[in-house]
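The end of the sequence shown is residue 1058 by my numbering, with every number in the run present. Cβ atoms here follow ideal geometry from the backbone N, Cα and C, with glycine treated the same way.
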Amino acid sequence: MASNGAADWKIPGLDEGQVSERLVDRIGMAHDASHYLVTPRVVVTAASVADVAAVMRQAAQQGRRVTFRSGGTSLSGQALSDDVLLDVRQNFRGVTVLDQGQRVRCEPGATVRSVNAHLAPFGRRLGPDPASEIACTVGGVVANNSSGMSCGTERNTYRTLDSMVLVLPSGTVVDTSQPDADERLRRDEPALWEGLASLRDRVRGNPDSLARIAQQYAMKNTMGYGVNSFVDHDQPVRILEHLVIGSEGTLGFVAEATFRTVPVHPFAATALLVVDELGVATDALGQLVQGGATALELMDAASLRVVQQYKEASPDLAELQVQRHAALLVEATSDDPDDLAARMSALNDVMAGLPIAEPPRFTDVAAERADLWYLRKGLYTSVAGARPAGTTNLLEDVAVPVDSLTATIDDLAGLFGSHGYDDAVIFGHAKDGNIHFMINPTLSDPRQLETYSEFTEQMVDAVLARQGTLKAEHGTGRIMAPYVRRQFGDELYEVMRQVKQLADPKAILNPGTLLDESPTGHLENLKTMPQVDDFVDRCVECGYCEPTCPSKDLTTTPRRRIALLREIQVRPEAEAEELRKAYDYEAVDTCAVDSLCAKACPVLIDTGVFMKTFRAQRHGALATKASVALAEHWGPVTTGLRAGMKVADVLPSAVLEGATRLGRTVISKDVLPVVGSDLPGSGAARPQPKSVPQAKGVMFASCLGEIFGPSESGCGRGVTDALGEICRAAGVGLEVPDLSGLCCGTVWVSKGFTEGAAAMAERTFDVLWAASRQGALPIVGDASSCTHGLEGLATHLPPHKAELWRTVVVEDAVSFVARECLPHLQLEAQGTMVLHPTCSMIHLGCVEDAIACARAVYQDVVVPVNAGCCGFAGDRGMLHPELTASATAAEAREVERLEQELGRRGKRIEAHASANRTCEMGMSRATGKEYRHVLELVAERLPGHERGR
């Protein structure tokens, strides 16, 4: 987040830049995945546990309110504040694997995906497996007692937590891993210790409370505080530790959480069971669980009508005339293939006994299993993405005893019909009696809001009448806080109230969440979805895009870019104008347009492409005309750039950097780059054309190699020469066309020059279409960003040429070498390499090919867990070096730690590699290590290789 300048709220020990009252920060951070919206007065970015304690102490002294904010993926409104919003994600992402993966210690800002990536080498993972694992953080997992598709109640957060470090509102730090933790709590917080001991005895002495707790926690349940803690644990410190799980940040700050992990089962098989009646599926649940099913995902008739439109649907499903049908996605997993076979046999026996025409077939083929799971996981995408503009998607979850599941679904279906929610779908974790449903009301419409209020009341009555819980996974939040008393009764509700009073006597933490005496609290501060542009209106603000965004710790994220545009539509003009002015830098200039957000987005929004349209709007007629001229004369331009690089190479770096920084005070910082000592020398001209009758592909040598020379250890044309040398050694021919003045077009596309991109696209197509022998040969790019640009060339071509181009195979050099060359080479793998996968490699799907190339010559190849887009983005890293510095910080720290760890073992990292010249420059700048193209390093290990060939 950019520095605030001067904030009115001063906190001892915190830098001024950590406290922001800027409108753009407050409004951007106000938006989370829920359908509530509250704007904070101040956003504080904590850098340490001490910072968090200082904020809570000052808030208590001044009567202010604090909410912790991490991933922002919660759906029930529990991550919002009208006062102090405390960011505990940015500087709290640490993960430490313990006991060979048996345990893992995490900071609250680490995502579940990141934790599991650290555990993967040990064949372990976290027990909770929420669908939002790409973005939800450990802080939220603990705060919401997260579970997921397969963990049930046995492997959720409550059951797998080993210990935590907790900071109370008073500033007291409680480390429950210490042997004397209970004694310390009694000494440091005597009133809290005594109060918890008293409540424990009160609960245990009340037969009605014990019976209700036993019934409620036999199923997934995240309503209110986890009062089962008073039954499951004796020591007050353990009771407190488990009350904090699911407390939604209302009792204290979890600075660290240590989990007992669970094994990853390497063998799995999946089947889709379709039945004529929902009851047939739910009646079979017990037998399927007994037969060894580890996941049983339910889809109702409305869900089936949606998923049968998917290309992943089987012909039978696509042709099914859905009436009252339902489906179960059945999966079995195991550590042993024989055991898996036995489970499949048992499950087949169960399904053979059901009243269905033909039992489904289990598959253990990864691609087929992925298609089946997409049917289930794609539901949210389809329904949320297709909702009418301006409506809000409400995804809710409840749980009931499994034997009440059919009746509950019937109840809900009836309520949907009577309230006009005809597009509602029901799906969920049938094994646990846990179902989700989604409706799409327009909350800005008073009549629809009244309908929603009536629906909620009747839904609550229906679920509680079935002895269910109103929240199974998503947390109480604001949406169900008014109903906690109704679900648990007066006695246990009073116990919960006293828990809050004991831990947070001044009520500074997250008021209005989890417990709320207002009967209409769930209808207040509702978020509407004003229309902005068809391209982004389907955004549900889930936040899945945020962890992958290069600018997330510098300025803003895709979710916030869209949220700010929505706010500009409805804010008073003075505030809207302030946001528009800030938007240029915060959203547009510092977007790397790497489009990894689109791969993470459940509704497939490419915010990078959208930001390019803003850049395009800045261009006047003169700039547009110039961009076309640039495309038409790119050959002389690259020659001029190479000459300029040669001049820059002989100037003192201090003079060069000083001159460019001075120039940026006059010329736009989005036009004139910062040029310093790490700028490489100029490159060499592209290779001369060469016709090869038996060619296996067509080389497209990037113009990047002409402009930027290889690293100091490189030689000649860098990767271009390396690719040629590898192909010659393998006996593989490459056609080399005349590439003079040609480019993949990314230069124009990234800056929004659509006319220039189109002009270059046609010139490049004409040459490559002929060179590929009308699509018979693949085009092989030697820089991943350029390969990715060529892959999307059709977007900028006239229709008839675009159709032809789509028949051409475009692949990166690492893929070509892995397939065509490596099988014919005798190479020896020695040493350790760190490999940085570029964002283009991820889009192209060639990361595994790059790893294969690396492993051909290095014994140990490490891809950092924190690897992401470097933010260099062609020239963006020179225009805005702060973007690359922020984007690469975590990966650079990880590489440094690896270097230190290997050093302690007497080893070292021999090579650092990537597959794109500017990304290599960005990573070299970030780490101080020399990054080179992975194929250069392969070429150096060829028998008879001569440096400089």
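Contact check for D847 against S893 fails: the beta carbons are separated by 8 angstroms or more.
For V956, the enclosing alpha helix (DSSP H) stretches over residues 956-964. H351 is the residue among T716, V128, H351, C895 whose C-alpha sits nearest the C-alpha of G333. Assigned with DSSP and collapsed to three states, V282 falls in strand. Taking the Cβ atoms as the reference, P278 lies roughly 6 angstroms from L618, within the contact range of under 8 angstroms. The three-state reading of DSSP puts C658 in coil, since its state is none of H, G, I, E or B. S190 is a Cβ neighbour of V147, given a cutoff of 8 angstroms.
G890 has F809, D921 as its beta-bridge partners, per DSSP.
Every beta strand (DSSP E) of 3 residues or more that sits fully in the region 179-226 is shown, in chain order, as 193-196, 204-207, 212-215.
H742 counts as exposed, since fewer than 16 other C-beta atoms from the protein chains shown sit within 10 angstroms of its C-beta. According to the DSSP assignment, T266 belongs to the alpha helix (DSSP H) that extends over 266-269.
Spanning the alpha carbons of H528 and V569 requires a straight line of approximately 15 angstroms.
Beta-carbon to beta-carbon, A410 and A435 are separated by about 6 angstroms, close enough to satisfy the 8 angstroms threshold. Of the candidates A868, G898, S859, A868 places its Cα closest to the Cα of P907. With respect to V151, W118 sits close: the two C-beta atoms are nearer than 8 angstroms. Rounded to the nearest angstrom, the Cβ distance from D458 to F376 is 20 angstroms, too far for a contact under 8 angstroms. Distance from the CA of R234 to the CA of E242, rounded to the nearest whole angstrom, comes to 12 angstroms.
Sixteen is the threshold: since fewer than 16 other Cβ atoms of the shown chains lie within 10 Å of the Cβ of D425, the residue is exposed. Beta bridge pairing from DSSP links M547 with L504, V534.
With fewer than 16 neighbouring CB atoms inside 10 Å of its own CB, L731 falls in the exposed class. M408 sits away from V398, with the two beta carbons spaced by 8 angstroms or more.
Annotated as proximal: V1047 and A965, with beta-carbon spacing under 8 angstroms. Within the same chain, and ignoring the five residues on either side of E600 in sequence, the residues whose Cβ sits closer than 8 angstroms to its Cβ are N315, D317, S318. Straight across, the Cα-Cα distance linking P288 with E1000 is about 35 angstroms. In the DSSP secondary-structure assignment, V943 is bridged to V971, H1021. Secondary structure note for H909: its alpha helix (DSSP H) is the uninterrupted segment 908-914.
The DSSP-derived three-state label of E695 is helix. With a cut-off of 8 angstroms on Cβ pairs, the region 652-671 is not in contact with the region 247-256, counting fewer than three such pairs. Of the residues assessed, P149 falls on the buried side of the cut-off, its CB having 16 or more other CB atoms within 10 angstroms.
Boundaries of the beta strand (DSSP E) harbouring S443: 435-443, taken from the DSSP string. By the 16-neighbour rule on beta-carbons within 10 angstroms, S412 is buried.
Within the same chain, and ignoring the five residues on either side of I354 in sequence, the residues whose Cβ sits closer than 7 angstroms to its Cβ are V251, N254, T266, Y267, L270, G335. If you draw a straight line from the Cα of F925 to the Cα of V889, it comes to about 7 angstroms. For the options T560, F597, E563, the alpha carbon positioned closest to that of G577 is the one of F597. Counting only unbroken stretches of 4 or more residues, the alpha helix (DSSP H) elements lying wholly within the region 329-406 are 338-341, 345-353, 387-392, 394-399, in sequence order.
Assignment of G257 by DSSP, reduced to helix, strand and coil, places it in the strand class.
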